[in-house]
Structure formats: structure tokens, C-alpha cells
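Chains S and U supply the protein sequences, listed in that same order. 1 is the number of the first residue of the first sequence in the numbering used here; add one for each residue after it. 1001 is the number of the first residue of the second sequence in the numbering used here; add one for each residue after it. So the structure is just underneath, and the comments pick up after that.
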Amino acid sequence: MTANNEELELKDRLSLIETMIAEGRRTTESYGWTFVLWGVAYYIAILWAALAHDYIAWPVTMTAAAVLTVVIIARKRRKRPATTTTRAIGSIWCAMGISLFVLLMSFGFSERADQHTSIAIVAAMLATANATSSLILKWKLQFACALVWWALTVYACFGGGKMLTIAFLAAIFFCQIVFGVYGMIREARQRRKAASHA
Amino acid sequence: MPELPELNPVIHGKLRLALLSLLSGVEEAEFTWLRLKTGSTDGNLGAQLLKLEEAGYVSVNKKFVQRKPQSLYRITEAGRQAFIEYVQALKQMLGGVIG
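Rendered as C-alpha cells:
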């Protein structure tokens, strides 16, 4: 083998290493759907609670969303391996999800919390999870979502009335549904790109 | 002139290198996922994984999930160390070409 051939083969090996590491990482990111699912769940709970004045609206919707999330994630995980990053991100959202679930269940059954307090706490929790994820992933758009949730936290403490409900619905729409759909489109693009490189 | 390092022959095989690279980026991976990513056949993949396992570079956890057999592979500390040393040696051999 000539020196040139040997060099080409070594370069080929290095390229193979880079491609495979990127491939392993690329195929593990698929969480856009969770934002959409929870965004829709919040809408259902808000609508149900507003129309029927039913105290079980939040507990039932949150339970259904949580069960659905766990089932889908368990099915997906069987097909895709976890990385340290996805485990870190997953841990944040899992802990936040459990806290939110416990909080909303308690709020729903006790009927003690007023609208301002509930929205302020939920928004602050969503802001924390979004900000932490965005800092790990270095994703500016997700950090923008965190800023929206923080702004809503402040507004829930000082503002009020119908405008607060509208602001909450708008934040859910942009930071959950639109952001989730964008995430899904981005993931689909990455999968297509990965398939074309395979 | 400094002596060039030797490349680890266990890792140098193309499929084994691809497998270690894939496993270095994830916590653990299923046999079917590794087959999909490498485009290898079951027989060849199994044989190469066995070589890596015998060298102590990967560990396997075999279990049944919903009555279906599942083999989960994970890179060991020795495997990660050997992989890092392989990459360093490779870069050293390529020297100025990589920059």
C-alpha cells in the first residue's frame, strides 16, 4: 500500500468515526410532540374548567396527558438509545412534569388557588424547564419561550382579569403548540438528512 | 523523527470502529438499532460485537421485553479508553494533514 493510499484510508476511518458519533446523537432527539400534546391538554383543561366549572377538569386532563406521554416515550425509547444529553433534558422535564401534575391535581381538587397564583406558578415552572433545556441545548428559540413564560409569571402577579387568560392562552399557543410543531418539523428534517447520509 | 503509534487492530476493523463510534455517543443501544445504523447483516454484526465483547470493549445485557429477546450493548470504560487512544493515534498518524 502506498503512503497516499494509507493516508486516505486513515482519513476514511476518521470520517467514519465522526459520521457515526453524529448519527448516534442525531437520532435520539424527538420531543417536539410532547410540547404539542401538553399544549393541547392545557387548552382542553382550560376549556373544560371554564365551560363546565368542573373541578375534575384539570386532574383528569393532566392524568390523561401524563399517561399518554409515558406510554409514547416508553414505546419510542425501545427503538432509540439514550444519550447523556437526552437523559439530562428528559430528567428536567420529567421532574417538572411530576411537579406540575401534583400541583395542578392539588389545585383542581382543593379549589383553593386563584387564577393569578395558579398561572404564576405554572408559568414560572415552565420557564425554568424551558430555560434549563435551552441552556443545555444552546437553543435560543427555546430560551425565548422561557422569557415568554417569565413575562407571564410577572404579569400574573400584577395584571389580571380576562387579559390574563388571553395572555396564558397565547403563551400556550406560541410556547407549546407552535414551538412543538416547529420542533417536530426540525426533527423530521434532521431524520431526512440522516437518512440521505446513511 | 518521533515514532508513530500503532493502531489497535481490534478497533481498526471498519465495522468494529463504526460500532464503537456509535456506542461512544449513546448510553446503550439495541442490536437492531446498531444493525440499522451500520447497514450490516445479523451474522457479521453479531460476530464483530462478539470480538469487541471478548476484548472487553463492550458489554451486553440480554433480556426479554414483551416476550421478545432484546440485546442491549454498551461501551465499557476499557472500550472508551481504547477508543480515545485509537482516535489520538489516528490523528497523530495523519499529523499535519488534519491540522
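We put the CB at the ideal spot given by N, CA and C, even for glycine. Predicted, not measured: the structure shown is a model, and the values here were computed from it.
Under 8 Å from the C-beta of residue i: neighbouring residues of chain U
i        : result
S/GLY24  : SER1021, LEU1022, LEU1023, SER1024, GLY1025, VAL1026, ALA1029 and LYS1037
S/THR84  : GLU1027
S/ARG258 : With chain S covering only 1 through 198, there is no way to say anything about residue 258 of chain S.
S/ARG75  : Near S/ARG75 there are no residues of chain U at all, since even the closest Cβ is about 11 Å away, more than 8 Å.
S/PRO81  : VAL1026, GLU1027, GLU1028, ALA1029, GLU1030 and TRP1033
Interface partners of residue i on chain S, CB under 9 Å
i         : result
U/LYS1109 : Here chain U covers residues 1001 to 1099 and nothing more, so residue 1109 of chain U does not appear.
U/ALA1055 : Within chain S, no residue comes near U/ALA1055; the closest Cβ sits about 18 Å away, beyond 9 Å.
U/LYS1014 : ASP12, ARG13 and LEU16
Buried versus exposed call for residue i [16 or more other C-beta atoms within 10 Å across all chains shown]
i         : result
S/THR84   : exposed
S/ILE172  : buried
U/GLY1099 : Confidence in U/GLY1099 is poor, its pLDDT being 42 and thus under 50, which makes the residue's placement unreliable; the coordinate value appears in the next sentence. Counting Cβ neighbours within 10 Å, U/GLY1099 comes out exposed, since fewer than 16 surround it.
S/THR69   : buried
S/THR28   : Any answer about S/THR28 is weak, because its pLDDT of 49 lies below 50 and its placement is not dependable; what the coordinates show is given next. Label assigned to S/THR28: buried.
S/MET163  : exposed
U/ILE1084 : exposed
U/GLY1043 : exposed
S/ILE185  : exposed
U/GLN1048 : buried
From the options, residue whose alpha carbon lies closest to that of residue i
i         : options                                       : result
U/LEU1017 : U/GLN1092, U/LEU1094, U/ARG1080 and U/GLY1095 : U/ARG1080
S/VAL102  : S/GLY90, S/PRO59, S/PHE174 and S/VAL67        : S/PRO59
U/TYR1073 : U/TRP1033, U/PHE1064 and U/GLY1043            : U/TRP1033
S/CYS175  : S/ALA45, S/ILE46, S/GLY108 and S/PHE143       : S/PHE143
S/GLU187  : S/LEU135, S/GLY32 and S/ILE21                 : S/GLY32
S/ALA129  : S/ILE98, S/MET105 and S/VAL154                : S/ILE98
S/PHE109  : S/CYS94, S/ALA57, S/PHE179 and S/TRP139       : S/ALA57
Within chain S, the residues that residue i reaches when beta carbons sit closer than 7 Å
i         : result
U/LEU991  : Because chain U is modelled from 1001 through 1099, residue 991 of chain U falls outside the range shown and cannot be assessed.
U/VAL1087 : ILE17
U/ALA1018 : LEU16 and MET20
Interface residues of chain S facing residue i [CB-CB closer than 8 Å]
i         : result
U/VAL1058 : What U/VAL1058 touches in chain S: nothing, since even the nearest Cβ is about 13 Å away.
U/ALA1082 : Within chain S, no residue comes near U/ALA1082; the closest Cβ sits about 13 Å away, beyond 8 Å.
Contacts of residue i in chain U (Cβ-Cβ under 7 Å)
i       : result
S/ILE21 : SER1021, SER1024 and GLY1025
Legend entry - the segment 31 to 47 of chain S in contact with the segment 1035 to 1051 of chain U per 3-pair CB rule at 8 Å: With the rule of 3 Cβ pairs closer than 8 Å, the segment 31 to 47 of chain S does not count as touching the segment 1035 to 1051 of chain U.
Inset, instruction - May I have a chain-ordered list of the alpha helix (DSSP H) segments no shorter than 4 residues that lie completely inside the segment 104 to 154 of chain S? - result: 115 to 137
Legend entry - Validate contact between the segment 135 to 151 of chain S and the segment 13 to 20 of chain S using beta carbons, cut 8 Å, 3 pairs: no
Inset, instruction - Counting only runs of 3+ residues fully inside the segment 28 to 60 of chain S, write out the beta strand (DSSP E) ranges in chain order. - result: none
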